[in-house]
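Following the numbering used here, the numbering of the sequence shown begins with 63 at its first residue and continues without gaps. The block underneath contains the structure these notes are about, expressed in structure tokens.
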Amino acid sequence: MLFVVVVEFHLKPGTRSQFRSLIDANADASVKNEPGCLQFDVLEPEGEGDRVMLHEIDSDKAAFDAHLRTEHFQTFASASEALCLGKSVTRGNLVFSGADVASKRLRA
């Protein structure tokens, strides 16, 4: 079963640009270099300049655990900590994907 992580970051004022550089680099390296990382999205909620979210899908929990040990994640975690007021993390199993439905519709 696919493993999903959603993280909501609350940023210190004026740190969004620096934070985005760090999280974008982490996302890019994760998708390019980790076979178990299937998707890594970075979201900016409308009208909320102090909040960034990520949505990551891994092949399983072991792939996510391996992600936490990578150099690019360690760099991101260390450097971004000073930019955040707080964060919340939600982990779970993907039980339905609208992407699967959309993909079938496009092939029809």
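All C-beta atoms, glycine included, are put in the ideal place defined by N, C-alpha and C. Model, not experiment: these values are computed from the prediction.
Three-state secondary structure (DSSP) at residue i?
{"i": "R205", "result": "A question about residue 205 goes unanswered here, because the residues of the chain that appear run from 63 up to 170."}
{"i": "S150", "result": "strand"}
{"i": "E143", "result": "helix"}
{"i": "V68", "result": "strand"}
{"i": "A73", "result": "Note on residue identity: the sequence assigns Leu, not Ala, to residue 73. Here L73 sits in strand by DSSP."}
So who's on the other strand from residue i, going by DSSP bridges?
{"i": "D162", "result": "Partner(s): none; D162 has no beta bridge."}
{"i": "D103", "result": "H117"}
{"i": "N155", "result": "F65"}
Do you know how far the Cα of residue j is from the Cα of residue i?
{"i": "I85", "j": "V157", "result": "26 Å"}
{"i": "R82", "j": "K166", "result": "33 Å"}
{"i": "D122", "j": "E133", "result": "20 Å"}
{"i": "R169", "j": "V163", "result": "10 Å"}
{"i": "G154", "j": "G76", "result": "32 Å"}
{"i": "P107", "j": "H129", "result": "25 Å"}
{"i": "Q101", "j": "R78", "result": "22 Å"}
{"i": "E110", "j": "A161", "result": "26 Å"}
{"i": "G98", "j": "V104", "result": "18 Å"}
{"i": "F65", "j": "F126", "result": "8 Å"}
{"i": "Q80", "j": "S159", "result": "32 Å"}
{"i": "A139", "j": "M63", "result": "26 Å"}
Exposed or buried, residue i, counting other C-beta atoms within 10 Å across all chains shown (16 or more means buried)?
{"i": "S142", "result": "buried"}
{"i": "L73", "result": "buried"}
{"i": "E96", "result": "buried"}
{"i": "V114", "result": "buried"}
Original post:
If you pair each beta-carbon of the region 114-128 with each one of the region 86-101, do three or more pairs fall below 8 Å?
Top reply: Taking 8 Å as the limit for Cβ pairs, the verdict is that the region 86-101 does touch the region 114-128.
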